[in-house]
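Asker: Okay, handing you the structure first.
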Amino acid sequence: MSRFLPRALMAPSIVTLFLWMIVPLVMTLYFSVIHYNLMQPGETGFVGLENFHYFITDPDFWPSVMHTLQLLGSVVVITVVLGVGLALLVNEPFPGQGIVRVLLISPFFVMPTVNALLWKHMMMNPIYGVLAHVWNFFGLTPIDWMSDFPLLSVIIMLSWQWLPFACLIFITSLQSLDREQMDAAGMDGATKFDKFYYLVLPHMGRSIAVVVMIEMIFLLSVFAEIFTTTGGGPGNDSTNLAFLIFKQALMNFDVGVASAGALFAVILANIASVFLVRLVGKNLD
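Using full-length UniProt numbering, the letters of the sequence shown map in sequence onto residues 1 to 285.
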């Protein structure tokens, strides 16, 4: 009875969570093996793996995979490297430290769509954007970021939004660093680089692994920033897997192919998660 009551009380929430997860998955599996186009609702039927073949052989498929990996790798590297640097800078006491920390983490609370609109119109607009004024000040021709460097533009705005998250985790990690050990290393003649490489960096290993894991999970499904700014273009220059699935589902109205693409994205995310779990596990040992 002592074991039955807690399980009985937890059962409704567990069943609800299970249904909330399994029903969309089953529907996606079902639609991925049938022909179902919203423009042809009467023409349905079992097609097996044809939707998967169509999705993988789409000319935009491999470029979108490469763009997804480029975006993912670039944002993770930028946020980890700059995050560690900024965390080290603001970790030492100085006047206004609390205000600086609040301002440093505030971009993380900006909604993705607002972040995209801010960068598109306020920062990167080739006519009245802040960067255009900087270029004009130095006598240079302003860059049309969304047309000339679409993927780089998305990488910059995502890095700006995720950098505060990395800083927050790294600052928290530095707070638990053994100061006596650092002082002892200094007395033994260790340079600042030696302290960073042999003491600070190993201590931050766990936090770095956690930041990489969380960012990779979310960055694999980036959509709002691309939809709001570049629309996947010009052409397919900034199309990632999530946006390619969107194009199949809501532009081509092909639910079957979009479902097959969604399952491919799930498989890719699970492959990435296996390596991430191992990475985090090694740092937690």
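Each residue gets a CB set at the ideal place from its N, CA and C atoms; glycine is no exception.
In this text the structure is predicted, and so the values were computed from the model without any measurement.
Using only CA atoms, which one of Gly-85, Met-251, Gly-256 and Val-211 lies nearest to Phe-193?
Answerer: Minimum Cα distance to Phe-193 is reached at Gly-85.
Asker: Does the Cβ of Met-251 have 16 or more other Cβ atoms within 10 Å, making it buried, or fewer, making it exposed?
Answerer: By the neighbour-count rule (16 or more Cβ atoms within 10 Å), Met-251 is not buried but exposed.
Asker: Could you tell me which whole alpha helix (DSSP H) segments of length 4 or greater appear in the region 229-277?
Answerer: Whole alpha helix (DSSP H) segments, 4+ residues: 241-246.
Asker: Considering only the beta carbon of each residue, do Met-146 and Thr-230 sit closer than 8 Å?
Answerer: The answer is yes: Cβ separation under 8 Å.
Asker: Taking Ser-207 as the reference, give the member of Gln-161, Ala-242, Leu-168 and Ile-56 with the closest Cα.
Answerer: Measuring from the Cα of Ser-207, the nearest candidate turns out to be Leu-168.
Asker: Suppose you measure from the CA of Thr-68 to the CA of Trp-62; what does that come to, to the nearest Å?
Answerer: Distance between the alpha carbons of Thr-68 and Trp-62 is about 10 Å.
Asker: Going by beta-carbon coordinates alone, are Ala-242 and Ala-260 separated by less than 8 Å?
Answerer: No, these two residues do not count as a Cβ contact at 8 Å.
Asker: Where do the N-terminal and C-terminal ends of the alpha helix (DSSP H) with Thr-68 fall, by residue?
Answerer: 61-91 is the extent of the alpha helix (DSSP H) around Thr-68.
Asker: For Asn-37, which beta-bridge partners are listed by DSSP?
Answerer: For Asn-37, which the question treats as bridged, DSSP gives the partners Gln-40 and Asp-254.
Asker: Enumerate, from N- to C-terminal direction, the unbroken alpha helix (DSSP H) stretches of 4 or more residues contained entirely within the region 165-234.
Answerer: Listed in chain order, they are 179-187, 192-195, 205-219 and 224-229.
Asker: What whole-angstrom Cβ distance do Thr-239 and Ala-166 have, given they're in contact under 8 Å?
Answerer: Not a contact, Cβ separation roughly 26 Å.
Asker: Can you give the Cα-Cα distance for Asn-37 and Phe-109, rounded to whole angstroms?
Answerer: Spanning the two alpha carbons is a distance of roughly 38 Å.
Asker: What are the residues that DSSP puts in a beta bridge with Gly-45?
Answerer: In DSSP, Gly-45 forms a bridge with His-35.
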